[in-house]
Amino acid sequence: MTIDAAAETDRGLVELAARFSQSFLRWLDKGCTGGLTYPRLRVLEALHCQGPAKMKTLADVLGLSARNMTAVADSLEAEGLLRRAAHPSDRRAIVLELTNEGLVVAEQSLIPRIAAISRLFDELSPTDRETFRATLAGLVATMESGCARLEEV
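With positions in the sequence shown counted from 1, the corresponding number in our numbering is that position plus 176.
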C-alpha cells in the first residue's frame with residue numbers, strides 16, 4: 177500500500193498538532209502558571225473578570241468536563257480561593273464565586289502568569305503571531321461548530 181504525498185502531509189500535520197497540544201499543556205503545568213494548573217488559572221481568571229458563575233456554565237465556557245470542573249472547584253475551595261453557593265432561582269445549580277482571598281490571589285497572579293505564558297509566542301514575528309492566532313481561531317471555530325466531525329470509516 178502506497179501513501180500519497182498529500183495523505184502523508186496531512187498525517188504529519190495531524191501528528192504535529194497533537195504533539196503541540198500535548199506539549200503546550202505539559203509546558204503550562206510545569207511552572208509557567210506559578211503552581212496553578214492552567215484550568216485552575218482559567219477558573220480564577222473567569223471568576224475574577226466576569227464574577228460568580230454557574231458551575232456548569234463555567235465548565236462549558238472553559239471546555240472542562242463536569243468531572244474536571246468539580247476537581248478544580250474542589251481544589252480551589254480547599255485552598256480558600258472560591259466558594260460554592262446555591263443558585264438563587266435554580267435549586268439544582270451551583271454558583272462558584274471567589275472568596276476575598278481568591279480575589280487577592282487573582283489580582284496578584286493573573287497578569288504576571290498570563291504574561292509568562294504568552295512569552296512562548298515571542299519566538300514568532302508579529303505577522304506569524306497573527307497568522308497563528310487566526311489559524312487557531314478558525315480551527316477552534318470549526319471544531320466547536322461541530323462541522324469537523326470524525327467519521328467512522
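Quick reminder that beta carbons are idealized off the backbone N, C-alpha and C, glycines included.
Residue interval of the beta strand (DSSP E) (run including residue i)
| i | result |
| --- | --- |
| Leu-234 | Counting along the chain, Leu-234 falls outside any beta strand (DSSP E), though it belongs to the alpha helix (DSSP H) covering 231-238. |
DSSP three-state assignment for residue i, whether helix, strand or coil
| i | result |
| --- | --- |
| Arg-260 | strand |
| Leu-274 | strand |
| Ala-269 | coil |
| Gly-314 | helix |
| Asp-180 | coil |
| Ser-321 | helix |
| Leu-201 | helix |
Rounded straight-line distance, which links the Cα of residue j to that of residue i
| i | j | result |
| --- | --- | --- |
| Phe-308 | Arg-267 | 43 Å |
| Asp-236 | Tyr-214 | 16 Å |
| Val-331 | Asp-180 | The requested residue 331 does not occur in the structure, where the chain is confined to residues 177 to 329. |
| Glu-221 | Arg-289 | 11 Å |
| Thr-188 | Ala-310 | As written in the sequence, residue 188 is Gly, which differs from the Thr given in the question. Whole-angstrom Cα-Cα distance: 21 Å. |
| Leu-258 | Ser-265 | 21 Å |
| Gly-278 | Arg-295 | 25 Å |
| Leu-212 | Ala-183 | 39 Å |
With 16 other Cβ atoms within 10 Å as the buried cut-off, status of residue i
| i | result |
| --- | --- |
| Arg-202 | exposed |
| Met-319 | exposed |
| Val-281 | buried |
| Val-316 | exposed |
| Val-219 | buried |
Range covered by the alpha helix (DSSP H) that runs through residue i
| i | result |
| --- | --- |
| Leu-300 | Counting along the chain, Leu-300 falls outside any alpha helix (DSSP H), and DSSP gives it neither H nor E. |
| Pro-215 | 214-226 |
| Glu-253 | 242-254 |
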